[in-house]
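Asks: FYI, the numbering for the sequence shown is -21 to -1, 1 to 408, going by mature numbering (1 follows the signal peptide of the UniProt record, and there is no 0). All C-beta atoms in this analysis are idealised placements derived from N, C-alpha and C, irrespective of residue type, glycine included.
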Amino acid sequence: MKKFLSLALTPALAFSLVACSGGNEGASNTEKSGDEKVELTFWTFGATGYEDLAQEYSNVNPNVTVKVRSAETAEHHDALFTALSAGSGAPDIAMLEVDQFDRFKAAQDRFENLYDLGAKDVQGDYLDWKWTAGENQEGDFLFGLPTDIGPKGLYYRTDVFEEAGLPSDPAEVASLINSPEAFQEAGLQVKDKTGKPFVDSIEMAYRAYLDAAQISYFNPDGTLALDDEGSAVKEAYDYAVKLNDMGIVGKFDMWTPEWANAVNKGEFAAELGAGWLKGWMEGNATDAVGKWRVATLPTEFAANWGGSYIAIPSETENAQAAYDFVEWLVSPENQLKSFQSHGLFPSAPAVYEMEEFKANEDEFFGGQTTATVFAEAAQAIEGAVYKGEKYFPVHNEILNALKNVQNKNADPEKEWKAAVKRSEDLLAR
């Protein structure tokens, strides 16, 4: 789960990476890899199962050995930044998490352009919004091939919904809770009938709109977007404050022991979670087997949360061999394997039509085939959110403001203005 709790990288590292000069040493190595012996280093994070697929690739391509190194998310990205900044020590292949991606895009010369290695040939295999988010602003440089994604759905407790007089069938829930207003009404009904909060935390209430925004904290030119007219962040902030004022927001922060216990015991009704959350639930919420289901969210909340790309640093001396492996690794067939073994939700729509995918019933969710719900959610997403290089520090400032509103009964507008000022100060440093 720490894959999605990435820590911000230090400004000094970010500066040194952008300031680095140097040639694109691997760019000329674009001929298809031949029969020479090649050893590739591959840095990953989280539980991916890529070690097994790398061995499978080597079994079929005995001239290629792929050495996989896995680390925690923050450690992985910090180490990669350090290596790229130094101009030496980077791997041949590296995973990049979406919330960290824009930091690395600032140093385009440190990566291979995958369009030069054959990526155009497979572009049609992936969701448009996922592919586009892997490009530079001009669209002529591809940093990474798409791996997993995190389409969001409405996780809900059937017993709490039934106690509140709400339907518990996923199709009926999706039909009923089909707008932000209907979301609020369902929340009030749960509160009135059960005394329990509807959504677990103010962060999740905030992310309802935030994750769906095309522009969040930064404009593509790097300027802060918080005070822009019609700011999507302010809309998300105001919605979270509204839900809190209605008394339907809990204080169970994700990943805390209190939250884990609440998931198990049904102490709140719903979670706006990504597809990867089901893996945590299945492994950790053992008291809640059969009590959770998943429905699609209102279209206004359709969004992606999490996921990765696989890039090739330009230090590599084996760019084409590295690309050939990566293209194979993230093919639809292998994305199905990664989904089945480690819950990595596919970014290749062809997987959604495979029988092994559609027939994947989840015992934890009462036999529901949740994969098809998230596949529908993935295809409803209109575009990826631009994160910006300092996404995490600014996100934390806004979140701190919301927590002050909830926990200290602070004035929402004063907290908002203070958070904007702190964010501006961060950029000025």
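Three-state secondary structure (DSSP) at Phe247?
Replies: Numbered from 1 along the sequence shown, position 268 holds the residue referred to as residue 247. Three-state result, Phe247: coil.
Asks: In the DSSP output, which residue or residues are listed as bridge partners for Arg186?
Replies: In the sequence shown, counting from the first residue as 1, residue 186 sits at position 207. According to DSSP, which records beta bridges pairwise, Arg186 is partnered with nothing at all.
Asks: Could you tell me the boundaries of the beta strand (DSSP E) in which Arg48 lies?
Replies: Reading the sequence shown from its first residue, position 69 is the one you call residue 48. Taken as a continuous stretch (DSSP letters only), the beta strand (DSSP E) holding Arg48 covers 43 to 50.
Asks: Is it a yes or a no for the segment 16 to 36 touching the segment 308 to 317, going by three-plus beta-carbon pairs under 8 angstroms?
Replies: Yes, the segment 16 to 36 touches the segment 308 to 317.
Asks: Would the segment 280 to 295 and the segment 178 to 195 be scored as touching if the rule is three or more Cβ pairs under 8 angstroms?
Replies: Contact holds: three or more Cβ-Cβ distances are below 8 angstroms.
Asks: If I follow the unbroken alpha helix (DSSP H) through Thr111, where does it start and stop?
Replies: Residue 111 sits at position 132 when you count from the first residue of the sequence shown. Start and end: 107 to 111.
Asks: What distance in whole Å lies between the Cβ atoms of Ala357 and Asp104, which are believed to be in contact at a cut-off of 8 angstroms?
Replies: Numbered from its first residue, the sequence shown carries residue 104 at position 125. Numbered from its first residue, the sequence shown carries residue 357 at position 378. So it is not a contact: roughly 14 angstroms between Cβ atoms.
Asks: Excluding the 5 residues flanking Glu141 on each side, which residues of the same chain have their C-beta closer than 7 angstroms to its C-beta?
Replies: Here the question's residue 141 lines up with position 162 in the sequence shown. Excluding positions up to five away in sequence, the list reads Ser147.
Asks: Locate the beta strand (DSSP E) running through Leu93, then write down its first and last residues.
Replies: Sequence index remark: in the sequence shown, residue 93 carries index 114 (1-based). Leu93 -> no beta strand (DSSP E), and no H or E assigned at all.
Asks: Can you tell me whether DSSP reads Trp271 as helix, strand or coil?
Replies: Within the sequence shown, the letter at position 292 stands for residue 271. It is a strand residue.
Asks: Less than 7 angstroms between the C-beta atoms of Gly245 and Asp138, yes or no?
Replies: Taking the sequence shown and counting its residues from 1, one reaches residue 245 at position 266. Taking the sequence shown and counting its residues from 1, one reaches residue 138 at position 159. In this structure, Asp138 lies closer than 7 angstroms to Gly245 by Cβ.
Asks: If you compare alpha carbons, which of Ser37, Lys393, Gln385 is closest to Met225?
Replies: Taking the sequence shown and counting its residues from 1, the one referred to as residue 225 is at position 246. Of Ser37, Lys393, Gln385, the residue nearest in Cα terms is Gln385.
Asks: DSSP has Asn283 in a bridge; who is on the other side?
Replies: Position 304 of the sequence shown, counting from 1, holds the residue named residue 283. Bridge partners of Asn283: Pro130.
Asks: Could you give the first and the last residue of the continuous alpha helix (DSSP H) run that contains Ile377?
Replies: Position 398 of the sequence shown holds residue 377. Element bounds for Ile377: 370 to 387.
Asks: May I ask you to report which of helix, strand or coil DSSP gives Ile289?
Replies: To locate residue 289, count along the sequence shown from 1; it is residue 310. DSSP places Ile289 in strand when its eight states are reduced to three.
Asks: For Glu35 and Gly345, what's the separation of their Cα atoms in angstroms?
Replies: Taking the sequence shown and counting its residues from 1, the one referred to as residue 35 is at position 56. Taking the sequence shown and counting its residues from 1, the one referred to as residue 345 is at position 366. Whole-angstrom Cα-Cα distance: 34 angstroms.
Asks: Excluding the 5 residues flanking Ala264 on each side, which residues of the same chain have their C-beta closer than 6 angstroms to its C-beta?
Replies: Counting from 1 along the sequence shown, the entry for residue 264 is found at position 285. Result list for Ala264: Val242, Asn243, in chain order.
Asks: Please report how far the alpha carbon of Asp95 lies from the alpha carbon of Glu114, in whole angstroms.
Replies: Mapped onto the sequence shown, residue 95 falls at position 116. Mapped onto the sequence shown, residue 114 falls at position 135. For Asp95 and Glu114, the distance between alpha carbons rounds to 13 angstroms.
Asks: Apart from the five residues just before and just after Ala143, which ones in its own chain have a Cβ nearer than 6 angstroms to its Cβ?
Replies: Sequence index remark: in the sequence shown, residue 143 carries index 164 (1-based). The answer, listed in chain order, is Gln168, Val169, Lys172, Thr173.
Asks: Kindly indicate the opening and closing residues of the alpha helix (DSSP H) around Val77.
Replies: On the sequence shown, residue 77 is found 98 positions in, with the first residue counted as 1. From DSSP, the alpha helix (DSSP H) with Val77 extends over 77 to 84.
Asks: Please look up how many angstroms separate the CB atoms of Pro149 and Val273, rounded, as I've assumed it's under 8 angstroms.
Replies: Here residue 149 refers to the residue found at position 170 when the sequence shown is read from its first residue. Here residue 273 refers to the residue found at position 294 when the sequence shown is read from its first residue. Their Cβ separation, rounded to whole angstroms, is 6 angstroms, which keeps Pro149 and Val273 in contact under 8 angstroms.
Asks: Just to confirm the assignment, what range does the beta strand (DSSP E) spanning Trp22 have?
Replies: Start at 1 with the first residue of the sequence shown, and residue 22 comes out as number 43. Here the beta strand (DSSP E) through Trp22 covers 17 to 24.
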